[in-house]
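Novice: Let me give you the structure first, and then I'll get to my questions.
Number of protein chains: 2
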Amino acid sequence: MKRENFSRKRQAILEAIRGTEVHPTAEWVYQAVKPQYPDLSLGTVYRNIARFKEEGLILSIGVVQGQERFDGDIHPHNHFICSECGSVLDLTERYLSDDVHQILSQKYGAQVVSHELIFRGVCQECSEKSVSSGKKGA
Amino acid sequence: MKRENFSRKRQAILEAIRGTEVHPTAEWVYQAVKPQYPDLSLGTVYRNIARFKEEGLILSIGVVQGQERFDGDIHPHNHFICSECGSVLDLTERYLSDDVHQILSQKYGAQVVSHELIFRGVCQECSEKSVSSGKKGA
DNA sequence: AATGCCATCGAGAATAATTCTTATTTTTAT
DNA sequence: ATAAAAATAAGAATTATTCTCGATGGCATT
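In order, the protein sequence lines correspond to chains G and Y. By this note's numbering, the letter at position 96 of the first sequence is numbered 96, and the numbering carries on one by one without gaps. By this note's numbering, the letter at position 82 of the second sequence is numbered 82, and the numbering carries on one by one without gaps.
The following block contains the structure:
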C-alpha cells in the first residue's frame, strides 16, 4: 500500500550522493547523473537535494568556496576541509558524546539536536604541491 | 613611519563587527555603519570584511540561511545556531584541546590549523514561540 | 596651502549559486 | 485506458557576493 514515491531520477540522485566520498556539490551530482538520464535538469537536482535534506536522508556539510557540499553518510562523523582545494575528508575519530546535547539544552533552555565539528587546514596533496612549488615549505 | 593604513570607514566597519554579539551579516554591518557614514557602500563592507578575514582580524562562522556570518571575537569558542531564526550564540565551553590539530596532522599528513564546532537546534526564544503557537510543544 | 601618490571608495554592472514558475511529462490509481 | 497526482525541464528570477573603474581621501613632501 505504502508507496515509495521515488521516481527514477530522484533515486539516481540519492544514490549518486550516497555512492561517493567526495561530498559533492549540486553541480557534481548533476554531472554524475546526467549520463544515465540525459534529460536531467539541474533544477531537479536542487529540488531533490532540498527534499533529501528535509527528510534527513542526506546532510549538508556547509558552503565551501561558494558551493554547498552534501554528505550521503548520515552517521555521526566529522570532517576536514582543505582551504586550498576545497576537498572534504571524513574523520572517523569521535570527539563528542551525544549527551552534550542534553547538557547544553538544559543550560541554555534551547533544543540542541545536532552538532558538527569541522577541521580546517591544508590537505596532504596540497601541502606537497606547495612544497614542490616553493610556496611554503622551503 | 609605518602607517596604520586604516581608513575611517574601515575602522568603523571593524568596530561594528567587534562591538556586537549578533555575529552579523555584511548587510547588517552596512546598516550599522551607514548612519555614521551615509555615503558608505555595501561593496566597501564586503571588501573590508574580506580583508579582515585574510588578516585574521575576524572569523567567518559560515553561511546561515544564505548569508555569511562573521565574528569579531577571534578567541577560540564554539557556536550554537538556531535553525528557526538563524541566530548565532556563543558557547563558552571548551571541548577540544588544540593538540588534536597536531595529532590529526600527523595521522593524515595534512596541516590542520583550526577547527570549528557548531551546535544546531532551536533557541529558547523560538522554542517558546513554537509552544505558544502550538507548533510542536503542545 | 599646493602637489603628488596610492590606497580606498561608490556606484552599479557582472557573476554565480540557488530558487521559482509554468507548461509538460511521467507515474500511479482506478 | 484514463484521469488525477506527482515530478520534471527549461529557463527566468532572485539574491548574495565580487568585480570594474573612475573618483575621492588621506598622508607626505614641498
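Heads up, the beta-carbon is just placed ideally off N, CA and C, and yes, glycines get one too.
#1: What residues of chain G sit near Y:H77, judged by a beta carbon separation below 8 Å?
#2: Report the three-state DSSP secondary structure of G:L42 (helix, strand or coil).
#3: Note down, in chain order, every chain Y residue with its Cβ under 9 Å from the Cβ of G:V113.
#4: Given a cut-off of 8 Å, decide if G:G121 and G:S87 are closer than it, judged by their beta-carbon atoms.
#5: Three-state secondary structure (DSSP) at G:D99?
#6: Rounded to the nearest angstrom, what separates Y:L59 and Y:T25 at their Cα positions?
#7: Would you kindly work out how many angstroms separate the C-alpha atoms of G:I49 and G:D90, rounded to a whole number?
#8: Near G:M1, what residues of its chain come up, given a Cβ to Cβ distance below 8 Å and the 5 sequence neighbours on each side ignored?
#9: Let's see if you can read the secondary structure: which residues bound the alpha helix (DSSP H) around Y:V22?
#10: Under 7 Å Cβ to Cβ from Y:Q111, same chain only, skipping five residues before and after it: list those, please.
#11: Three or more C-beta pairs under 8 Å: does that hold for the region 11-22 of chain G against the region 35-53 of chain G?
#12: Is G:Q106 helix, strand or coil by DSSP?
#13: Across which residues does DSSP place Y:I58 in a beta bridge pair?
#14: Give me the DSSP bridge partner(s) of G:I81.
#15: Can you tell me the Cβ-Cβ gap for G:R51 and G:G62, rounded? I've got them flagged as a contact below 8 Å.
#16: Quick one: list the residues of chain G neighbouring Y:S127, beta-carbon separation under 9 Å, in chain order.
#17: Taking all protein chains shown into account, do 16 or more other C-beta atoms lie within 10 angstroms of the C-beta of Y:I103, making it buried, or fewer, making it exposed?
#18: Got a sec: which bits of the region 49-77 of chain G sit with their beta carbon under 7 Å from any beta carbon on chain Y, in order along the chain?
#19: Please look up how many angstroms separate the CB atoms of G:Y95 and Y:Y95, rounded, as I've assumed it's under 8 Å.
#20: Put G:S7 into one of helix, strand or coil per three-state DSSP.
#21: What residue range is occupied by the uninterrupted beta strand (DSSP E) comprising G:Q67?
#22: With a cut-off of 8 Å, does the C-beta of G:L104 fall near any C-beta of chain Y?
#23: Can you have a look at Y:I74 and say buried or exposed, based on whether 16 or more other CB atoms are within 10 angstroms of its CB?
#24: Hey, how far is the Cα of G:Q124 from the Cα of Y:E55?
#25: For my contact list, G:K72 and G:I17 are in at a C-beta cut-off of 8 Å; report their separation, rounded to the angstrom.
Specialist: Taking the coordinates as given:
#1: Within chain G, no C-beta atom comes nearer than 8 Å to that of Y:H77; the closest sits roughly 13 Å away.
#2: Under the three-state reduction of DSSP output, G:L42 falls in the helix class.
#3: Contacts between G:V113 and chain Y, judged by CB atoms closer than 9 Å, involve S83, F119, R120, G121 and V122 in chain order.
#4: For G:S87 and G:G121, no; Cβs fall outside 8 Å.
#5: It is helical.
#6: Each residue's Cα considered, the two are about 12 Å apart.
#7: If I take the Cα positions, the gap works out to 20 Å.
#8: Residue confidence is low: G:M1 scores 34 on pLDDT, short of 50, so the model does not pin down where it sits. No coordinate-derived value is stated.
#9: Per DSSP, Y:V22 belongs to no alpha helix (DSSP H) and is neither H nor E.
#10: Hits under 7 Å: S105.
#11: Yes, they touch.
#12: Helix, per DSSP.
#13: Paired residue(s): none; Y:I58 is not in a bridge.
#14: Note: G:I81 sits in a beta bridge opposite G:V88 and G:R120.
#15: The C-beta distance from G:R51 to G:G62 rounds to 19 Å, too long to meet the 8 Å contact threshold.
#16: Simply G109, A110 and Q111.
#17: Looking at its Cβ environment, which holds fewer than 16 other Cβ atoms inside 10 Å, Y:I103 is exposed.
#18: Of all residues in the region 49-77 of chain G, only G62 and V63 place a beta-carbon less than 7 Å from a beta-carbon of chain Y.
#19: Under the criterion of beta carbons closer than 8 Å, G:Y95 and Y:Y95 qualify as touching, at roughly 7 Å.
#20: The answer is coil: DSSP assigns G:S7 none of H, G, I, E or B.
#21: It spans Q67 to D71 - the beta strand (DSSP E) in which G:Q67 sits, taken as one unbroken run.
#22: So, interface residue.
#23: It is exposed - the Cβ of Y:I74 has fewer than 16 other Cβ atoms within 10 Å.
#24: The alpha-carbon of G:Q124 is positioned some 24 Å away from that of Y:E55.
#25: It should be noted that the sequence gives Gly, not Lys, for residue 72 of chain G. Yes, G:G72 and G:I17 are in contact; Cβ-Cβ is about 4 Å, under 8 Å.
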